[in-house]
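Participant: Sharing a structure, written as structure tokens. Questions coming.
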Amino acid sequence: MVFSSISFLFAFLPAALVLYRIVPARARTVLLVLISLLFYAWGDVTHLPLLLFSVIFTYVAGMEIGLYKVRRQKRSARRALILAVAVHVIVLGFYKYTDFFMQNLASLFRREPAASGIALPIGISFFTFSAISYLADIYMDRAEPESNFLYAAAYITMFPKLISGPIAQFKDMQDQFTAPRMTKQGLLAGTRLFLVGLYKKVLLADNLGMIYAGIQTLDTMAAGTAWMAMAMYSLQLFFDFSGYSDMAIGLAQMLGFTIDRNFDYPYVADGMGDFWRRWHISLGAWFRDYVYIPLGGNRCSTRRQIFNLSVVWLLTGFWHGAAWTFVFWGIWHGFFVMLERFVFRDIRQLIPRVLRIAVTVLIAFFGWVFFASPNMGYAFRWISRMFGSDGLGFADAATGYYFRSSLVLLIISVLCCTPRFGRWLNGLSWHKGKAGAYVSSVVYVLLLICSIAYIVGSSYVSFLYFAF
Amino acid sequence: MSELRIAGIAKWALIILLAVILVMQAAGNRSSSTSFEEMAGAVRQSTDLSPMSEGDNQMLKRLYGIDGAEYDGFMLYYPASSMGAEELLLIRMKDPAQKEAVRKAMETRRDTQLSNFEGYGVEQTAMLENSVIDVKNNYAVFVSAQDPAAVQEAFRKAY
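In the order they appear, the protein sequences are chains A and B.
The opening position of the first sequence corresponds to residue 55 in my numbering, with each subsequent residue numbered one higher.
The opening position of the second sequence corresponds to residue 260 in my numbering, with each subsequent residue numbered one higher.
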């Protein structure tokens with residue numbers, strides 16, 4: 055079930071919120087776990103046992119690590135951590151990477167590749183990383199092992215973040231389970247954030263995606279069209295994922311939990327390091343805290359730092375998907391992050407900020423070409439088209455058509471990539487008294503009405519399209 | 260027994276359980292590495308194709324509503340006469356995710372044929388009722404013939 059579906063918005067969410075608010079406080083955690091398991095089963099009932107295994111195993115392994123720590127048996131605690139993390143990584147690898155390795159092995163031995171047929175469980179990358187965070191935080195003395203199984207289960211399965219994150223770390227969540235802060239302000243702020251996310255996903259990302267999909271059907275394209283495809287996909291990805299994250303954080307807030315923001319206007323970043331402090335922040339923090347710093351971080355020689363960063367970026371790419379395109383994308387980002395840190399650190403401040411932002415956006419957008427492509431050949435063909443390899447010049451009729459039909463959407467999208475709109479809306483809510491609050495309420499209600507109308511309308515349009 | 264010991268035992272029990280689940284899942288979802296030509300040959304030899312005509316992608320779209328270009332390969336034999344119910348469709352999927360669409364297309368085709376012959380074509384109805392739909396991980400077969408079990412056996416052996 056996705057947050058932007060009618061069944062979630064009008065059935066699951068209201069029922070969950072009402073139930074969660076009316077049950078006694080001591081029953082809320084068990085209700086949260088049950089609701090979350092139902093939410094998961096709705097989308098992927100076949101892998102529900104796997105999720106339950108992950109929860110039970112993590113709880114047991116966490117307890118064991120905690121007991122070793124109490125007894126000051128550091129080496130045993132370390133062994134227990136390594137084994138537990140290895141189990142999680144093997145499970146993730148089995149479901150996510152088996153086909154990738156089989157295909158590569160087959161091509162290595164010049165055999166016909168065979169698909170394993172192993173279906174990817176929904177959200178496995180996210181709940182596995184949550185489980186590892188639980189174990190690592192106990193080992194690193196950042197959190198106590200949960201004595202209450204329900205709290206551990208609620209942390210891993212919590213439905214707002216279960217499918218697509220953010221990957222909130224256990225140390226930041228643990229105290230919240232004992233006493234979720236359910237306030238009217240939290241409910242309202244959560245609702246507002248959820249509506250902003252819904253608007254980003256439904257009105258911006260889905261429309262951008264439709265134009266991108268249209269461009270992709272062209273057999274040949276002029277350079278300008280290929281550039282437009284890159285821009286459309288880059289914007290779609292941002293609004294899709296940041297919209298989902300906003301909805302997740304908003305939902306958690308409605309339930310009384312605080313999860314840090316996952317996106318902070320990444321397309322106004324003025325460097326690749328800055329970009330990664332703004333894009334999928336929770337994933338960057340996870341790799342920093344559980345991979346980069348344990349490897350030595352930046353308190354070591356330059357050579358060792360380069361090694362540490364290479365490991366992190368290779369893993370970051372591979373985590374996103376089992377394909378060479380994702381690995382390349384990880385290397386691409388890692389390369390520019392290292393270039394910025396080790397080569398241009400002193401001179402980058404001499405470059406005007408606008409230019410730094412433009413270069414960062416260009417690097418990120420080119421990276422998305424690999425991210426979006428099914429294979430490396432496709433990505434390079436796409437890039438070559440951006441430089442006119444189809445021989446159609448910079449613009450043709452299709453370029454004009456797609457540009458005209460998406461101009462308004464593009465302008466709104468670009469404006470929403472900057473903090474101005476959000477600041478204006480938040481400013482109205484908090485600082486302009488009653489009048490501001492009324493205007494802001496009207497804006498949010500309008501966002502809701504437009505989003506719902508679009509959700510209902512989009513299925514209507516797709517139904518009409520069948521007739522052709 | 261100490262808490263630590265209980266936790267250790269529970270942990271290993273869970274790991275063993277997990278290993279069993281993963282092995283079973285891997286075995287159950289095995290894809291066949293048999294080439295389409297080999298599989299098609301084995302299936303073709305297991306039944307009498309004379310009452311059928313070979314179909315192309317256009318016919319596949321017409322009868323089953325699926326596009327052969329989206330699959331690794333297909334072999335279609337459809338009734339040569341309007342009173343025939345003999346039919347054979349073999350498909351190799353590109354992705355196991357296509358399994359359900361293929362199964363549905365085959366079931367729909369069988370139901371359509373059944374409703375076409377219902378009430379007057381006793382033999383044809385019996386043949387269609389005995390027909391076999393067998394969907395594996397990357398291959399699927401639908402056969403309506405005098406001896407569909409022989410085709411299914413050949414299909415499973417070659418898989």
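Idealized CB from N, CA, C, for every residue including glycine.
Got a sec: which bits of the stretch 98-130 of chain A sit with their beta carbon under 7 angstroms from any beta carbon on chain B, in order along the chain?
Facilitator: Within the stretch 98-130 of chain A, the residues whose Cβ lies closer than 7 angstroms to some Cβ of chain B are Phe107, Ile110, Phe111, Val114, Ala115, Met117, Glu118 and Leu121, listed in chain order.
Participant: Using beta carbons (cut-off 8 angstroms, strictly below), is Ile274(B) in contact with chain A?
Facilitator: So yes, Ile274(B) belongs to the interface.
Participant: Using a Cβ-Cβ cut-off of 8 angstroms, state whether Val145(A) counts as contacting chain B.
Facilitator: Judged by the 8 angstroms Cβ criterion, Val145(A) is in contact with chain B.
Participant: Quick one: which chain A residues come within Cβ less than 8 angstroms of Gly267(B)?
Facilitator: Residues of chain A passing the Cβ test: Glu118.
Participant: Can you pull the chain B residues whose beta carbon is under 9 angstroms from the beta carbon of Phe248(A), in chain order?
Facilitator: Chain B residues near Phe248(A): none, gap ~31 angstroms exceeds 9 angstroms.
Participant: Counting only Cβ pairs nearer than 7 angstroms, list the residues of chain A close to Glu262(B).
Facilitator: Correct list: Leu121.
Participant: May I ask you to verify whether the stretch 325-342 of chain A touches the stretch 310-317 of chain A, counting CB pairs closer than 8 angstroms and requiring at least 3?
Facilitator: At 8 angstroms Cβ cutoff, the stretches touch.
Participant: Output the boundary residues of the beta strand (DSSP E) element that contains Val402(B).
Facilitator: Run containing Val402(B): Tyr398 to Ser403, per the beta strand (DSSP E) assignment.
Participant: Between Lys416(B) and chain C, is the shortest Cβ-Cβ distance under 8 angstroms, so that the two count as touching?
Facilitator: Here the protein chains are A and B, and chain C is not one of them.
Participant: Is Ser312(B) helix, strand or coil when you go by DSSP?
Facilitator: Strand.
Participant: Excluding the 5 residues preceding and the 5 following Glu412(B) in the sequence, name in chain order all residues of the same chain whose CB lies nearer than 6 angstroms to its CB.
Facilitator: Closer than 6 angstroms at Cβ, skipping near neighbours: no residue.
Participant: Taking DSSP as the reference, what is the three-state secondary structure of Arg332(A)?
Facilitator: Here Arg332(A) sits in coil by DSSP.
Participant: Please classify Tyr193(A) as buried or exposed, where buried requires at least 16 neighbouring CB atoms within 10 angstroms.
Facilitator: When all chains shown are included, Tyr193(A) counts as buried.
Participant: List the whole-angstrom C-beta distance separating Val391(A) from Gly327(A), where the pair is believed to meet the contact cut-off of C-beta under 8 angstroms.
Facilitator: About 6 angstroms separates the two Cβ atoms, so the contact holds.
Participant: Check the Cβ-Cβ distances between Ile136(A) and every residue of chain B, and say whether any is below 8 angstroms.
Facilitator: Not closer than 8 angstroms to any Cβ of chain B, the Cβ of Ile136(A) fails to qualify, so no.
Participant: With which residues is Arg351(B) paired in a DSSP beta bridge?
Facilitator: Its beta-bridge partners are Gly332(B) and Tyr398(B).
Participant: Given 8 angstroms as the limit, is there contact between the stretch 179-186 of chain A and the stretch 312-332 of chain B, that is, 3 or more CB pairs closer than that?
Facilitator: The stretch 179-186 of chain A is not in contact with the stretch 312-332 of chain B.
Participant: Could you tell me the alpha carbon to alpha carbon distance between Ser505(A) and Tyr253(A), rounded to whole angstroms?
Facilitator: Each residue's Cα considered, the two are about 6 angstroms apart.
Participant: When we look at the beta-carbon of Gly388(A) and count the other beta-carbons within 10 Å, is it buried (16 or more) or exposed?
Facilitator: Flag for Gly388(A) reads buried.
Participant: For the stretch 135-145 of chain A against the stretch 111-122 of chain A, are there 3 or more C-beta pairs whose distance is under 8 angstroms?
Facilitator: Cβ pair count under 8 angstroms is three or more, so yes.
Participant: Using 8 angstroms as the threshold, is the C-beta distance between Ile119(A) and Leu189(A) below it?
Facilitator: Yes, they are a contact pair.
Participant: Grouping DSSP H, G and I as helix and E and B as strand, with all else coil, what is Pro214(A)?
Facilitator: Pro214(A): helix per DSSP, three-state reduction.
Participant: Take Glu297(B) and list the residues in its own chain whose beta-carbon comes closer than 7 angstroms to its own, dropping the five residues that flank it on each side.
Facilitator: Excluding residues within five positions, the ones whose Cβ falls inside 7 angstroms are Ala417.
Participant: Please decide whether Val497(A) counts as near chain B, where near means a Cβ-Cβ distance under 8 angstroms.
Facilitator: Val497(A) does not count as touching chain B.
Participant: Bridge partners of Tyr337(B), per DSSP?
Facilitator: Paired residue(s): Ser312(B).
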